[in-house]
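Undergrad: Residue numbers for the sequence shown follow this note's numbering, beginning at 287 and rising by one. Yeah, the Cβ is synthetic: ideal placement off N, Cα and C, and Gly gets one too. It should be emphasised that the depicted structure is a prediction, and the values quoted were computed from it without experimental measurement.
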Amino acid sequence: MADLTTIRLELDGPVGLLTLARPEKLNAMSRRMVAELTSVLEELAADTAVRCVVLAGEGRMFSAGADLDEFRDDFGAAGVDPAATEREARDGARLTAALESPDIVTIAAVHGAAIGGAAAVVAACDLRLFADDARLVVPELAMGLPLAWGGIERLVRDLGPAVTRDLLLTARPLTADEAVARGFAMERVAPGGLLDRARRIAALCATRPRRGTTIALGRIRAVADRSRAEGVDDDAASLAVAAGDPEALAAARAYLASLDSTSRRT
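1. Check the DSSP bridge columns for M315 and list the partner residues they point to.
2. How is V276 classed by DSSP in three states: helix, strand or coil?
3. If you run the structure through DSSP and keep just helix, strand and coil, what is F470?
4. Identify the residues that DSSP records as bridge partners of L294: which are they?
5. Ignoring anything shorter than 4 residues, give me the alpha helix (DSSP H) runs that lie fully in the stretch 482 to 524, in order along the chain.
6. Looking only at its chain, what residues have a beta carbon closer than 7 Å to the beta carbon of R474, apart from the 5 residues adjacent to it on each side?
7. Since D412 contacts L297 with CB under 8 Å, what's their CB separation in whole angstroms?
8. Assuming L427 contacts L455 under a Cβ cut-off of 8 Å, what Cβ separation, rounded to an integer in Å, is found between them?
9. So, helix, strand or coil for V396, using DSSP?
10. Give the range of the beta strand (DSSP E) segment to which V423 is assigned.
11. For the putative contact between L433 and V442, defined by C-beta atoms under 8 Å, what is the C-beta separation to the nearest angstrom?
12. Extract the residue ranges of the alpha helix (DSSP H) inside the stretch 438 to 462, only unbroken runs of 4 or more that lie entirely within it.
13. Using the three-state DSSP reduction, which class does A476 fall into: helix, strand or coil?
14. Looking only at DSSP bridge pairs, what is I401 linked to?
15. Taking buried to mean at least 16 other C-beta atoms within 10 Å of its own C-beta, is L490 buried or exposed?
16. Taking only three categories from DSSP, how would you classify V391?
What follows is the structure in C-alpha coordinates.
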(Lines of atoms letter the chains of each structure in order from A and count residues from 1; the text may use other names and numbers.)
(Lines give C-alpha, C1' and ligand atoms only; values in the text may rest on other atoms or scores of the structure.)
Protein backbone atom coordinates (compact mmCIF):
# COMPACT_ATOMS: atom_id res chain seq x y z
CA MET A 1 0.00 0.00 0.00
CA ALA A 2 1.12 3.58 -0.61
CA ASP A 3 2.60 5.62 2.23
CA LEU A 4 -0.16 6.67 4.61
CA THR A 5 -0.02 10.08 6.27
CA THR A 6 -3.50 10.53 7.81
CA ILE A 7 -4.37 6.98 8.87
CA ARG A 8 -2.56 4.00 10.32
CA LEU A 9 -3.08 0.34 9.38
CA GLU A 10 -2.17 -2.59 11.61
CA LEU A 11 -2.80 -6.17 10.53
CA ASP A 12 -3.10 -9.09 12.93
CA GLY A 13 -3.86 -12.16 10.84
CA PRO A 14 -7.34 -11.78 9.34
CA VAL A 15 -8.14 -8.64 11.38
CA GLY A 16 -7.13 -5.10 10.46
CA LEU A 17 -7.16 -2.01 12.67
CA LEU A 18 -7.55 1.25 10.74
CA THR A 19 -6.89 4.29 12.91
CA LEU A 20 -7.73 7.87 11.95
CA ALA A 21 -4.42 9.47 12.88
CA ARG A 22 -4.77 13.25 12.91
CA PRO A 23 -5.33 13.76 16.65
CA GLU A 24 -4.05 17.34 16.54
CA LYS A 25 -6.95 18.06 14.12
CA LEU A 26 -9.45 15.87 16.01
CA ASN A 27 -9.12 13.39 13.13
CA ALA A 28 -10.80 15.82 10.75
CA MET A 29 -11.58 14.06 7.49
CA SER A 30 -9.47 15.88 4.92
CA ARG A 31 -9.60 15.04 1.24
CA ARG A 32 -6.37 13.09 1.68
CA MET A 33 -7.80 11.08 4.58
CA VAL A 34 -10.88 10.18 2.55
CA ALA A 35 -8.67 9.07 -0.34
CA GLU A 36 -6.36 7.03 1.90
CA LEU A 37 -9.23 5.32 3.72
CA THR A 38 -10.96 4.44 0.46
CA SER A 39 -7.83 3.05 -1.14
CA VAL A 40 -6.92 0.92 1.89
CA LEU A 41 -10.45 -0.40 2.42
CA GLU A 42 -10.84 -1.37 -1.22
CA GLU A 43 -7.51 -3.21 -1.12
CA LEU A 44 -8.42 -4.99 2.12
CA ALA A 45 -11.81 -6.05 0.74
CA ALA A 46 -10.02 -7.62 -2.23
CA ASP A 47 -7.52 -9.45 0.01
CA THR A 48 -8.95 -12.87 0.87
CA ALA A 49 -6.62 -13.12 3.87
CA VAL A 50 -8.29 -10.15 5.63
CA ARG A 51 -11.78 -10.75 6.95
CA CYS A 52 -12.62 -7.90 9.32
CA VAL A 53 -11.54 -4.29 9.87
CA VAL A 54 -11.96 -2.17 13.00
CA LEU A 55 -12.15 1.59 12.36
CA ALA A 56 -11.11 3.81 15.28
CA GLY A 57 -9.83 7.30 16.01
CA GLU A 58 -6.69 8.42 17.80
CA GLY A 59 -6.80 11.03 20.56
CA ARG A 60 -9.82 12.82 22.01
CA MET A 61 -12.49 11.62 19.58
CA PHE A 62 -13.34 9.40 16.65
CA SER A 63 -13.57 12.32 14.23
CA ALA A 64 -14.73 15.92 14.16
CA GLY A 65 -15.94 15.49 10.58
CA ALA A 66 -14.97 17.80 7.73
CA ASP A 67 -11.56 19.44 7.78
CA LEU A 68 -12.40 23.02 8.75
CA ASP A 69 -9.43 24.50 6.91
CA GLU A 70 -10.61 22.93 3.67
CA PHE A 71 -14.20 23.85 4.47
CA ARG A 72 -13.25 27.50 4.99
CA ASP A 73 -11.53 27.50 1.62
CA ASP A 74 -14.65 26.03 -0.01
CA PHE A 75 -16.90 28.71 1.54
CA GLY A 76 -14.46 31.60 1.23
CA ALA A 77 -14.92 34.94 -0.45
CA ALA A 78 -14.86 33.40 -3.93
CA GLY A 79 -17.95 31.33 -3.16
CA VAL A 80 -18.60 27.64 -3.72
CA ASP A 81 -17.61 25.63 -6.79
CA PRO A 82 -20.61 23.29 -7.27
CA ALA A 83 -18.63 20.90 -9.48
CA ALA A 84 -15.87 20.53 -6.89
CA THR A 85 -18.45 20.10 -4.12
CA GLU A 86 -20.19 17.34 -6.04
CA ARG A 87 -16.89 15.64 -6.89
CA GLU A 88 -15.81 15.60 -3.23
CA ALA A 89 -19.22 14.29 -2.15
CA ARG A 90 -18.85 11.42 -4.63
CA ASP A 91 -15.42 10.68 -3.16
CA GLY A 92 -17.07 10.43 0.26
CA ALA A 93 -19.78 8.17 -1.14
CA ARG A 94 -17.09 5.88 -2.54
CA LEU A 95 -15.56 5.67 0.95
CA THR A 96 -18.83 4.71 2.62
CA ALA A 97 -19.53 2.20 -0.16
CA ALA A 98 -16.13 0.61 0.58
CA LEU A 99 -17.05 0.37 4.26
CA GLU A 100 -20.32 -1.30 3.28
CA SER A 101 -18.74 -3.86 0.95
CA PRO A 102 -20.03 -7.37 1.76
CA ASP A 103 -16.52 -8.71 1.12
CA ILE A 104 -15.27 -7.48 4.49
CA VAL A 105 -16.84 -6.96 7.93
CA THR A 106 -16.37 -3.42 9.26
CA ILE A 107 -16.66 -2.40 12.91
CA ALA A 108 -16.73 1.23 14.06
CA ALA A 109 -15.21 1.77 17.51
CA VAL A 110 -16.50 5.23 18.44
CA HIS A 111 -15.27 7.35 21.35
CA GLY A 112 -15.71 11.04 22.02
CA ALA A 113 -17.70 12.13 19.00
CA ALA A 114 -18.41 11.30 15.36
CA ILE A 115 -19.55 14.53 13.73
CA GLY A 116 -20.98 15.26 10.29
CA GLY A 117 -19.25 13.20 7.63
CA ALA A 118 -17.80 10.98 10.36
CA ALA A 119 -21.38 10.10 11.35
CA ALA A 120 -21.99 8.97 7.76
CA VAL A 121 -18.83 6.83 8.00
CA VAL A 122 -20.00 5.22 11.25
CA ALA A 123 -23.44 4.55 9.75
CA ALA A 124 -21.81 2.70 6.84
CA CYS A 125 -20.07 0.15 9.11
CA ASP A 126 -21.60 -3.28 9.70
CA LEU A 127 -21.25 -3.15 13.50
CA ARG A 128 -20.77 -0.23 15.91
CA LEU A 129 -19.41 -0.05 19.41
CA PHE A 130 -19.86 3.17 21.39
CA ALA A 131 -17.69 4.13 24.33
CA ASP A 132 -19.57 5.56 27.32
CA ASP A 133 -18.64 9.09 26.23
CA ALA A 134 -19.44 8.61 22.56
CA ARG A 135 -21.98 10.70 20.69
CA LEU A 136 -22.99 11.10 17.07
CA VAL A 137 -23.80 14.63 15.87
CA VAL A 138 -25.01 15.88 12.47
CA PRO A 139 -24.80 19.72 12.41
CA GLU A 140 -24.95 20.17 8.61
CA LEU A 141 -28.43 21.73 8.44
CA ALA A 142 -27.21 24.63 10.59
CA MET A 143 -25.29 25.53 7.41
CA GLY A 144 -28.16 24.69 5.10
CA LEU A 145 -26.40 21.57 3.85
CA PRO A 146 -27.92 18.07 3.70
CA LEU A 147 -25.70 15.26 4.98
CA ALA A 148 -24.21 13.45 1.98
CA TRP A 149 -22.12 10.27 1.50
CA GLY A 150 -25.34 8.23 1.78
CA GLY A 151 -25.55 9.20 5.43
CA ILE A 152 -29.21 10.20 5.54
CA GLU A 153 -30.38 7.00 3.86
CA ARG A 154 -28.32 4.84 6.23
CA LEU A 155 -29.51 6.73 9.31
CA VAL A 156 -33.12 6.31 8.19
CA ARG A 157 -32.47 2.63 7.53
CA ASP A 158 -31.02 1.98 10.99
CA LEU A 159 -32.74 4.60 13.18
CA GLY A 160 -35.98 5.31 11.33
CA PRO A 161 -37.23 8.54 9.74
CA ALA A 162 -38.51 10.17 12.93
CA VAL A 163 -35.23 9.89 14.82
CA THR A 164 -33.25 10.92 11.73
CA ARG A 165 -35.38 14.05 11.32
CA ASP A 166 -34.81 14.83 14.99
CA LEU A 167 -31.04 14.43 14.76
CA LEU A 168 -30.71 16.47 11.57
CA LEU A 169 -33.10 19.29 12.40
CA THR A 170 -32.01 19.83 16.02
CA ALA A 171 -28.37 18.66 15.70
CA ARG A 172 -28.73 17.09 19.14
CA PRO A 173 -26.30 14.28 19.96
CA LEU A 174 -27.18 10.62 19.72
CA THR A 175 -25.61 9.33 22.94
CA ALA A 176 -24.16 5.89 23.58
CA ASP A 177 -27.16 4.91 25.70
CA GLU A 178 -29.65 5.91 23.02
CA ALA A 179 -27.56 4.37 20.23
CA VAL A 180 -27.66 1.00 22.01
CA ALA A 181 -31.33 1.31 22.97
CA ARG A 182 -32.29 2.00 19.34
CA GLY A 183 -30.10 -0.83 18.01
CA PHE A 184 -27.73 1.51 16.17
CA ALA A 185 -24.79 0.44 18.35
CA MET A 186 -24.39 -3.14 19.50
CA GLU A 187 -22.77 -2.30 22.85
CA ARG A 188 -21.76 0.51 25.16
CA VAL A 189 -18.19 0.00 26.39
CA ALA A 190 -15.93 1.71 28.93
CA PRO A 191 -13.52 3.92 26.94
CA GLY A 192 -10.45 2.07 28.17
CA GLY A 193 -11.79 -1.24 26.89
CA LEU A 194 -13.18 -0.08 23.54
CA LEU A 195 -10.41 -1.27 21.22
CA ASP A 196 -9.91 -4.54 23.05
CA ARG A 197 -13.63 -5.33 22.79
CA ALA A 198 -13.71 -4.33 19.12
CA ARG A 199 -10.73 -6.56 18.36
CA ARG A 200 -12.35 -9.52 20.11
CA ILE A 201 -15.57 -9.11 18.13
CA ALA A 202 -13.54 -8.72 14.93
CA ALA A 203 -11.62 -11.92 15.70
CA LEU A 204 -14.93 -13.75 16.15
CA CYS A 205 -16.36 -12.36 12.90
CA ALA A 206 -13.16 -13.36 11.10
CA THR A 207 -13.79 -17.03 11.92
CA ARG A 208 -16.97 -17.09 9.82
CA PRO A 209 -16.47 -18.67 6.38
CA ARG A 210 -15.94 -15.95 3.80
CA ARG A 211 -18.41 -16.96 1.09
CA GLY A 212 -21.36 -17.44 3.42
CA THR A 213 -20.60 -14.19 5.23
CA THR A 214 -20.45 -12.26 1.97
CA ILE A 215 -23.76 -13.72 0.82
CA ALA A 216 -25.43 -13.00 4.16
CA LEU A 217 -24.19 -9.41 4.34
CA GLY A 218 -25.20 -8.79 0.74
CA ARG A 219 -28.67 -10.18 1.39
CA ILE A 220 -29.14 -8.11 4.57
CA ARG A 221 -28.09 -5.01 2.69
CA ALA A 222 -30.39 -5.73 -0.23
CA VAL A 223 -33.41 -6.13 2.05
CA ALA A 224 -32.53 -3.04 4.11
CA ASP A 225 -31.89 -0.94 1.02
CA ARG A 226 -35.17 -1.63 -0.74
CA SER A 227 -36.76 1.27 1.12
CA ARG A 228 -34.09 3.67 -0.05
CA ALA A 229 -33.85 2.45 -3.65
CA GLU A 230 -36.75 4.46 -5.11
CA GLY A 231 -37.51 8.12 -4.94
CA VAL A 232 -34.18 9.11 -3.36
CA ASP A 233 -32.23 11.79 -5.18
CA ASP A 234 -28.48 11.85 -5.87
CA ASP A 235 -27.11 13.26 -2.61
CA ALA A 236 -23.83 14.46 -4.15
CA ALA A 237 -25.68 16.53 -6.75
CA SER A 238 -28.16 17.75 -4.12
CA LEU A 239 -25.32 18.84 -1.83
CA ALA A 240 -23.75 20.83 -4.66
CA VAL A 241 -27.06 22.60 -5.31
CA ALA A 242 -27.59 23.37 -1.61
CA ALA A 243 -24.03 24.60 -1.13
CA GLY A 244 -24.49 27.14 -3.92
CA ASP A 245 -27.61 28.63 -2.33
CA PRO A 246 -26.90 32.16 -1.01
CA GLU A 247 -28.72 31.45 2.25
CA ALA A 248 -26.64 28.32 2.81
CA LEU A 249 -23.45 30.19 1.96
CA ALA A 250 -24.23 32.86 4.56
CA ALA A 251 -25.22 30.23 7.12
CA ALA A 252 -22.04 28.23 6.55
CA ARG A 253 -19.86 31.31 7.01
CA ALA A 254 -21.75 32.25 10.18
CA TYR A 255 -21.36 28.69 11.50
CA LEU A 256 -17.62 28.73 10.86
CA ALA A 257 -17.35 32.13 12.57
CA SER A 258 -19.18 30.74 15.60
CA LEU A 259 -16.68 27.88 15.80
CA ASP A 260 -13.83 30.37 15.70
CA SER A 261 -15.45 32.39 18.49
CA THR A 262 -15.97 29.30 20.63
CA SER A 263 -12.36 28.24 20.06
CA ARG A 264 -11.06 31.64 21.20
CA ARG A 265 -13.14 31.49 24.40
CA THR A 266 -11.83 28.04 25.29
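TA: Quick answer:
1. A352
2. One cannot answer for residue 276 here, as it falls past the ends of the chain, which runs 287 to 552.
3. coil
4. At residue 294 the sequence reads Arg, which differs from the Leu that was named. Partner(s): T305.
5. 496 to 515
6. F416, D418, A462, D463 and V466
7. The Cβ separation is near 19 Å, so there is no contact.
8. 6 Å
9. strand
10. R421 to V423
11. At roughly 11 Å, the Cβ-Cβ gap does not stay under 8 Å, so L433 and V442 are not in contact.
12. 447 to 456
13. coil
14. V423
15. exposed
16. strand
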